[in-house]
Amino acid sequence: SAIIIAIMHLLVLSVPKTAGHLLNAKPSGNPATVTQPASLLTPIVQTHYRVPEGFVAVRVQNGGHSNPSHQQQDLIDGLMRTGHDWLAVSFDDLPAAERRPAYYGVFLVAGYRSLCTLLDGMTPGAYQFDGLYTIVIEQRRPKLHDVMERLWRCRLLNVVVIVSEKRANEDEERYVAYTYHPYREHRCGSVEPYAVGQYANGTWTELVRWYAKRTDNFNGCPLVIGTIPIIPCSIIERDGPGGSTTHKGIEVSQVDDLSRRFNFTPQYRISNGSTRWGFARAVNSTGLMGWIQRGEVDFGLGSIGISLSRVQHLRPGIASRFGQLAMAIPPKRPDSSVEKLIKPFSRQTWLCVVLGLAGISTLAWALFGIGWRRVADRLRHPYYTVWVLTMGGPCGALRMDSTRLFVVSLVLNMLVVRTLYHAAMFERLQASASLASELDTLEQINRAGKMYIMHKTIALFFNDNPLVGPRRIRHTLHDNENWEELLYQLSRPGSDFVVTLPLDCIKYYVQQYGNRGLVYVGKHNGITYNTAFFYPQTTALQAPFSARVLAYHSAGLVDQWAQAFEDGRYWSNAKADPEPASLAWSHLSGAFYLCGTMHLLAVCVFVAELGWARKWRKASE
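Numbering (mature numbering (1 follows the signal peptide of the UniProt record, and there is no 0)) for the sequence shown: -20 to -1, 1 to 601.
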């Protein structure tokens, strides 16, 4: 028994020693092909996944389950061991109310189908599609072209796929990292995979160049831009049927500068027909909103306002234009010629002047004209004389007594009144006062009995307003309604509506057609209406483009570009020539009409006098 115990003791001591030799033994062959699966991910995460407060979303998919294999578990354990003091990792999606989208992702999948299953479950609420992603595929020799094509359909640009390979002249496998670049020069849209690194000696080659920014330079590749003809944001001009199409406008100017900065070729896709903007929904969005949601265009523009539904189902950029929705209101009724003569004085002033002259005339008649008072120096025809003096005419010879004092005081009074009238008349003729109707508030519009004409998408901003509401809104039938013709109808007398449009659209109409039919903007009935470029939720273009658009605002370029499509001279009556303008016939016609009326009255009086004289002569005979 003692011999048996000794033999067992020797066996126990020899097993650890033999195991240690086996663990420390180095295999023969090229050491660069020796793989260490547990440390595949560690150099990648340590080099690139370093944004503060960021976390790594680790996801596993093997067929129909998410249980990791032994090799995948080794990769996870190695990642957690090396980054336990600084790395935050999530293995499942948090509740929607508590989570934030993951910018870093590590996907461990068995093969292509497992990868497709994992990608189909990605949502914009859980992942940032412009983030950095590392995918490890266990399957040997997967169809990398199919993998890259599937990643491109998801718009995952900053992604690296790690697979194991074995060359024909080598016995051992090696790990190689592949990626794709759809915006390479002369290879636009190509998803051909190319190697970016190889695992050797416990690290990766060329690791710092793996996640190059694909969106810094598009190398002339085209980007499809969805738009609609909405002036002045997106103006589309065609050179006849089948001719070339020219795009310009406030937002198009921004796209032109973006194309020069990022070196891409804009290709516009125009949303025509009765539904242009459309509505953004969870599924089956219509019009331009549907194009953006389905990824049929890279982004869309065309005075697209930032609203709740669009933010929920699309991805907005920084505001491309800080503006407002304004009410286009009709002009005032033009003043008649007589009204232009009356307007220099208010009603109270005219009442004071008329009553004063009537009182003075009555006093003159009482003092100097009645027959029971015989005075040495009578004021003949007191009413007529006061009228002549009021108009600045002469008077007969007067003695130096109370009569002269009375007349002098009247002359001085009328001199002041006439001077004030002339000054007020001149000021009104040269004034730049607004000719807009008194519809500056929603209450005034409602009291005037006006209806609100607007597009259905614009009506979403006013349906909940108790002063407007759906009952007062008259929708346009189609998106392709001719807004210029509608505003022209508004400028005509007798219009019973106001038109709600972006302020830039109203300014452009005034610039182009202000001489034909002028409309104005209400002062206190508009709302803030910021427009933006909208992108698919899986885009990688929003961040770089929005940063550039923000720089445009900081430099004042957006306002400068917008000035080319507006002209407020028709509103402010500003003159290009600094010299005083000559008076027009509309300014002087009232005086001639009044003179003609007085002459007609004089003719009538003359005819009456002739008739009266003939009758008196016959009676005397």
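For every residue, glycine included, the Cβ atom is placed at its ideal position computed from N, Cα and C. These numbers come from a predicted model, not from an experiment.
- With a 10 Å radius around the Cβ and a threshold of 16 neighbouring Cβ atoms, His293 comes out buried.
- The beta carbon of Tyr493 lies closer than 7 Å to those of Glu464 and Tyr468 in the same chain, with the five residues before and after it left out.
- Just so you know, the alpha carbons of Ser475 and Ala439 end up roughly 20 Å apart.
- The Cβ neighbour count for His166, taken over all protein chains shown within 10 Å, is under 16; the residue is labelled exposed.
- Across the structure, Cys485 and Trp551 are spaced so that their CA atoms are roughly 15 Å apart.
- Within the same chain, Cβ atoms closer than 7 Å to the Cβ of Arg313 are found at Pro473, the five residues on either side in sequence being excluded.
- Per DSSP, Ala520 lies in no beta strand (DSSP E) segment and is marked neither H nor E.
- Between Trp257 and Val176, the alpha-carbon positions lie close to 42 Å from each other.
- Look at Tyr179 here: in three-state DSSP terms it is strand.
- Contact between Ala306 and Gly506 holds, with the beta-carbon distance rounding to 4 Å and staying under 8 Å.
- Here Ser283 is buried: its Cβ has 16 or more other Cβ atoms, across all protein chains shown, within 10 Å.
- Within the same chain, Cβ atoms closer than 7 Å to the Cβ of Gly63 are found at Val25, the five residues on either side in sequence being excluded.
- When DSSP states are grouped into helix, strand and coil, Ile250 belongs to the strand group.
- In the three-state scheme derived from DSSP, where H, G and I count as helix and E and B as strand, Trp184 is classed as strand.
- Along the segment 213 to 290, the alpha helix (DSSP H) occurs as fully enclosed runs of 4 or more residues at 230 to 242 and 267 to 274, listed in sequence order.
- Burial state of Glu231 is buried, judged by a 10 Å Cβ sphere holding 16 or more other Cβ atoms.
- DSSP, read as helix, strand or coil, puts Ser326 in coil.
- Classified as buried, Asn138 has 16 or more neighbouring CB atoms from the shown chains inside 10 Å of its CB.
- The Cβ-Cβ distance between Ala90 and Glu118 falls below 7 Å.
- Judged by beta-carbon spacing, Ile298 lies within the 7 Å limit of Leu530, meaning their Cβ atoms are closer than that value.
- Listed in chain order, the non-local C-beta contacts of Ser170 below 7 Å within the same chain comprise Pro162 and Arg164, local neighbours out to five positions each way being set aside.
- In the three-state reduction of the DSSP assignment, Ile205 falls in the strand class.
- In this structure, the beta-carbon distance from Phe109 to Gly280 does not fall below 7 Å.
- If you ignore the 5 residues before and after Val127, its C-beta comes within less than 7 Å of the C-beta of Tyr92, Leu95 and Val141, all in its own chain and listed in chain order.
- If you look at Ala299, you'll find it in the beta strand (DSSP E) that goes Arg295 to Ile309.
- Short of 6 Å from the beta carbon of Lys487, and not among the five residues preceding or following it, lie these beta carbons of its own chain, in chain order: Glu546.
- Buried is the label assigned to Gly303, since at least 16 other Cβ atoms lie within 10 Å of its Cβ.
- Taking the C-beta atoms as reference points, Pro202 is found no nearer than 7 Å to Gly229.
- Ranked by Cα distance from Leu55, the options Thr103, Ile115, Asp73 and Gly111 are led by Ile115.
- In the DSSP assignment, Asn426 falls within the unbroken alpha helix (DSSP H) covering Leu422 to Arg427.
- Collapsing the DSSP output to three states places Asp110 in a strand.
- Only residues of its own chain outside the window of five on either side were considered, and among them Tyr532 have a CB closer than 6 Å to the CB of Val538, listed in chain order.
- Fully enclosed beta strand (DSSP E) runs of no fewer than 3 residues occupy 477 to 482 of the segment 477 to 514, in order along the chain.
- Straight through space, the alpha carbons of Met102 and Lys193 are spaced by roughly 22 Å.
- Following the DSSP letters along the chain, one finds Gln41 inside the beta strand (DSSP E) bounded by residues Val36 to Gln41.
- Secondary structure note for Thr159: its beta strand (DSSP E) is the uninterrupted segment Arg154 to Thr159.
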